Amino acid sequence: MAKIILTTDVANLGGPGDIVEVKDGYARNYLLPRGYAIVASKGAEKNVRTIQRAQESRRIRDLDHAKEIKATLESLGAIQLTGKAAAGSKKLFGSITAGEIVDAIKAQGGPLLDKRVLDLRDHIKTVGKHSVNARLHPNVKVDVRLEVKATAAN
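So for the sequence shown, the numbering used here puts the first residue at 1; every next one is plus one.
1. Taking only the alpha-carbon atoms, compute the straight-line gap between residue 92 and residue 124 and give it to the nearest angstrom.
2. What did DSSP end up calling residue 142 once you bin it into helix, strand or coil?
3. Pick helix, strand or coil for residue 133, following the three-state DSSP scheme.
4. Let's see if you can read the secondary structure: which residues bound the beta strand (DSSP E) around residue 82?
5. Could you spell out the range, first to last residue, of the beta strand (DSSP E) harbouring residue 92?
6. Alpha carbon to alpha carbon, what distance is there between residue 145 and residue 77?
7. The beta strand (DSSP E) that contains residue 3, what's its start and end?
8. So, are the CB atoms of residue 38 and residue 7 less than 9 Å apart?
9. Does the beta-carbon of residue 128 have 16 or more other beta-carbons within 10 angstroms, so that it is buried, or is it exposed?
10. At what residues does the alpha helix (DSSP H) containing residue 66 begin and finish?
11. Are the beta-carbon atoms of residue 131 and residue 114 separated by less than 9 Å?
12. DSSP three-state label for residue 127, please.
13. Taking the C-alpha atoms as reference points, what is the distance between residue 90 and residue 32?
Now the structure itself:
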């Protein structure tokens with residue numbers, strides 16, 4: 001059995017900062033390579049509070065807090081994003097990720113969100129206006145409007 005410290009929420013195992021014991025192969029082949037956990041050591045155990053504080057800053061505390069964040073997101077309007085595309089083309093070379101959307105929201109004065117609250121069913125691969133659903137709370141959902149613009153690829 002391997003003793004590890006979780007860095008993110010892992011289904012049926014625990015949350016950030018939890019110290020758990022799992023089978024060696026599960027830790028070595030799944031949790032550690034994906035960054036979901038770190039090996040528990042004396043130094044790492046001191047970092048547990050830092051991990052928990054970082055997660056707490058992004059966590060939505062309750063229904064009222066979720067409604068507050070929803071109002072803030074709606075007041076921002078369309079979130080501006082850029083992606084590389086060929087000249088005159090509407091198709092992006094890559095796709096817009098949840099992490100890029102969260103960073104753009106923060107850059108436009110919005111709240112700091114966890115990228116996992118965004119529901120990106122379809123990859124955003126074209127220039128134009130898009131909408132992404134954000135699950136802030138089981139009872140609070142909001143559509144985040146995005147406007148993707150192209151930059152010239154080198």
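Glycine is no exception: its CB is placed at the ideal position from the N, C-alpha and C atoms.
These numbers come from a predicted model, not from an experiment.
Taking the geometry as given:
1. The residue given as residue 92 occupies position 92 in the sequence shown. The residue given as residue 124 occupies position 124 in the sequence shown. Inter-residue distance for residue 92 and residue 124 is about 9 Å (C-alpha atoms, whole angstroms).
2. Here the question's residue 142 lines up with position 142 in the sequence shown. DSSP places residue 142 in strand when its eight states are reduced to three.
3. Along the sequence shown, one-based indexing puts residue 133 at 133. Residue state, collapsed to three classes: strand.
4. Taking the sequence shown and counting its residues from 1, one reaches residue 82 at position 82. Unbroken beta strand (DSSP E) run through residue 82: 79-85.
5. Taking the sequence shown and counting its residues from 1, the one referred to as residue 92 is at position 92. Start and end: 91-96.
6. Locating residue 77 in the sequence shown gives position 77, counting from the first residue. Locating residue 145 in the sequence shown gives position 145, counting from the first residue. Rounded to the nearest whole angstrom, the CA to CA distance from residue 77 to residue 145 is 7 Å.
7. As a position in the sequence shown, residue 3 is number 3, starting the count at 1. That run of the beta strand (DSSP E) goes 2-6.
8. Along the sequence shown, one-based indexing puts residue 38 at 38. Along the sequence shown, one-based indexing puts residue 7 at 7. Yes, the pair counts as a contact, with Cβ atoms nearer than the cut-off.
9. Looking up residue 128 in the sequence shown gives position 128. Answer is exposed; the Cβ neighbour count stays below 16.
10. Mapped onto the sequence shown, residue 66 falls at position 66. For residue 66, the uninterrupted alpha helix (DSSP H) segment begins and ends at 63-76.
11. Locating residue 131 in the sequence shown gives position 131, counting from the first residue. Locating residue 114 in the sequence shown gives position 114, counting from the first residue. No. Outside cutoff.
12. Stepping through the sequence shown from its first residue, residue 127 is reached at position 127. Three-state DSSP puts residue 127 in coil, outside helix and strand.
13. Here residue 90 refers to the residue found at position 90 when the sequence shown is read from its first residue. Here residue 32 refers to the residue found at position 32 when the sequence shown is read from its first residue. So the alpha carbons of these two residues sit roughly 39 Å apart.
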